[in-house]
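To start, the structure itself, in structure tokens.
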Amino acid sequence: MEQIRKTLLTLLGTFLFVLISLVAVYELALVLPGSLSDDSSLTYVQFVMQPLVLLLIPLALYLFKFPQVSKSVTNPQSYKGFRLWACVRICLLCIPIILNIFFYYIYGEEVGFFYLALILMISIFFIYPTKDRCESERNFGKDKTNQNNEVKP
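Start counting the sequence shown at 2; every next residue gets the next number (the working numbering).
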């Protein structure tokens, strides 16, 4: 379980590094923001990103409650299903963060994209892979009684 947790933290750290690098490139003026500031595609991109973010957050938070995913995650023979779906869940939140920050700068610091990225960043706290969370999600839906019908703590 600890190895899976390290994998998830590495994935999260990689996304954080990409995000900080993207912000640094634009804030240090290595690339000037606003290259599409007068483009008419802004409306279309916002129209796509806003519902996408609003759909991805609940999907990521409730991903392990879907029957097919839950069966794969709680499989006692393998941790591969848990690792796969936990990585998918992190990607469901982190990839739109990077896209929104990129759109924020490329469209001339359009604040709507920044707010969407901020909402997604806040939602990461609810899926951060702590040891207790990984163990509880791995055992989600399993019977909490043992052979003697004693409740486990």
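We put the beta carbon where it would ideally sit given N, CA and C, even for glycine.
Work out the CA separation of residue j and residue i for me, nearest whole Å.
| i | j | result |
| --- | --- | --- |
| D40 | Y108 | 8 angstroms |
| N150 | L60 | Annotation note: pLDDT 45 at N150 (below 50); position unreliable, no value reported. |
| F104 | V89 | 22 angstroms |
| C92 | L10 | 12 angstroms |
| L53 | N76 | 30 angstroms |
| Q51 | I21 | 22 angstroms |
| E26 | L17 | The question names Glu, yet the displayed sequence has Val at residue 26. Cα to Cα, the separation comes out at about 14 angstroms. |
| K7 | T15 | 12 angstroms |
| M122 | S79 | 30 angstroms |
| V70 | I102 | 30 angstroms |
| C135 | K66 | 14 angstroms |
| V46 | F127 | 27 angstroms |
With residue i as the anchor, note down where its alpha helix (DSSP H) starts and where it stops.
| i | result |
| --- | --- |
| E110 | E110 -> no alpha helix (DSSP H), and no H or E assigned at all. |
| S71 | P68 to V74 |
| V49 | S42 to L62 |
| F16 | E3 to E28 |
| S137 | K132 to R139 |
Among the options, which residue has its Cα nearest to the Cα of residue i?
| i | options | result |
| --- | --- | --- |
| L55 | Y106, A25 and S124 | S124 |
| Y129 | P97, L100, S22 and A87 | A87 |
| N140 | S73, Y106, I98 and L100 | S73 |
| I99 | L85, L29, G35 and L119 | L119 |
What is the C-beta distance between residue i and residue j, in whole angstroms, given that I count them as a contact (C-beta under 8 angstroms)?
| i | j | result |
| --- | --- | --- |
| L94 | L57 | 7 angstroms |
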